[in-house]
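Below is one structure, written out as structure tokens, with a few remarks after it.
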Amino acid sequence: MKTLISQAELETGITSMSADINKQLGSTPLTVICVLTGSIILVADLIRHLEMPLRLGALSASSYKGNTDRSELTLDTHLLPKLKGQHVLIVDDIFDTGHTLNEVIKHIQTLQPAAVYTAVLLQKNGRQEIELDIDFVAFEIPDEFVVGYGLDYQDLYRNLPYVAVLEEHEIRQATDASA
Ligand code: 5GP
Ligand code: MG
Numbered sequence: 440m441k442t443l444i445s446q447a448e449l450e451t452g453i454t455s456m457s458a459d460i461n462k463q464l465g466s467t468p469l470t471v472i473c474v475l476t477g478s479i480i481l482v483a484d485l486i487r488h489l490e491m492p493l494r495l496g497a498l499s500a501s502s503y504k505g506n507t508d509r510s511e512l513t514l515d516t517h518l519l520p521k522l523k524g525q526h527v528l529i530v531d532d533i534f535d536t537g538h539t540l541n542e543v544i545k546h547i548q549t550l551q552p553a554a555v556y557t558a559v560l561l562q563k564n565g566r567q568e569i570e571l572d573i574d575f576v577a578f579e580i581p582d583e584f585v586v587g588y589g590l591d592y593q594d595l596y597r598n599l600p601y602v603a604v605l606e607e608h609e610i611r612q613a614t615d616a617s618a
């Protein structure tokens, strides 16, 4: 495993992203929506830097590979608070192709919020399939599969306090172990 973003770098990047959010969104009350499960650690760290009156909600987005190439996305939205008329900040772990955040935003819009903003820990360069401008991005990364700080591989590694790139043999080992 190769460290891509160290614990200290994560702290610096998240502090700086929070400062941008405080500056741009000001003192208007905000509802932060944690996209489970990957953004749980980011949200916990991020909201402790935010200064406006803040409510917290969550939804769960999971994808599974069916018979098609593209995985199908399932949203579980029963944990969402009322969003009508609210200023909402959707927080996800990583913006890869963009399909997940696009679906999440579309669903949130149907709940008639006053404004929707987006924040991600990571944006992967060169992978975007959906045209979408994320309001707040902590780090841009190359096109590699990363784990840690909430991000998993087969449900493991979410607890790592840094972001790392999994190497080929680690992916194989995990696959063998779960077979
Ligand atoms: P998108 O829909 O933007 O292609 O992908 C977003 C989702 O795919 C993320 O929320 C995450 O669950 C998963 N994903 C994409 N790239 C990575 C990666 O490098 N590592 C991990 N662990 N998950 C990823
Ligand atoms: Mg995810």
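Note that our numbering has the sequence shown beginning at 440, numbered continuously upward. Just so you know, even glycine gets a beta-carbon here, dropped at the ideal spot from N, CA and C.
Under the criterion of a Cβ to heavy atom distance below 7 Å, does L540 qualify as lining the ligand 5GP?
The answer is yes for L540.
Let me know the secondary structure DSSP gives Q562 once reduced to three states.
If DSSP states are grouped into helix, strand and coil, Q562 belongs with the strands.
Would you call P643 buried or exposed, if buried means 16 or more other Cβ atoms sit within 10 Å of its Cβ?
The structure shown does not extend to residue 643, since the chain is modelled only from 440 to 618, so the question has no answer here.
Mind checking if P520 is an interface residue toward chain C, Cβ cutoff 8 Å exclusive?
The structure shown contains no chain C; it is built from a single protein chain.
With respect to 7 Å, is the separation between the Cβ of T536 and the closest non-hydrogen atom of the ligand 5GP below this value?
Relative to the ligand 5GP, the beta carbon of T536 is positioned inside 7 Å of a heavy atom.
Thinking C-beta only, is I486 closer than 8 Å to F534?
No.
Output the boundary residues of the beta strand (DSSP E) element that contains A577.
F575 to I580
Out of curiosity, what's the CA-to-CA distance linking P468 and H608?
About 47 Å.
Between the beta-carbon of A500 and the beta-carbon of C473, is there less than 8 Å?
No.
Run of the alpha helix (DSSP H) containing T513, from where it starts to where it stops:
Counting along the chain, T513 falls outside any alpha helix (DSSP H), though it belongs to the beta strand (DSSP E) covering E511 to D515.
In the structure shown, what three-state DSSP assignment does T451 receive?
helix
Are there 16 or more other CB atoms within 10 angstroms of the CB of L493, so buried, or fewer, so exposed?
exposed
In the structure shown, what three-state DSSP assignment does T476 receive?
coil
How is the alpha helix (DSSP H) around H546 delimited, first residue to last?
H538 to T549
Would the stretch 447 to 463 count as touching the stretch 508 to 521 if we require 3 or more Cβ pairs under 8 Å?
no
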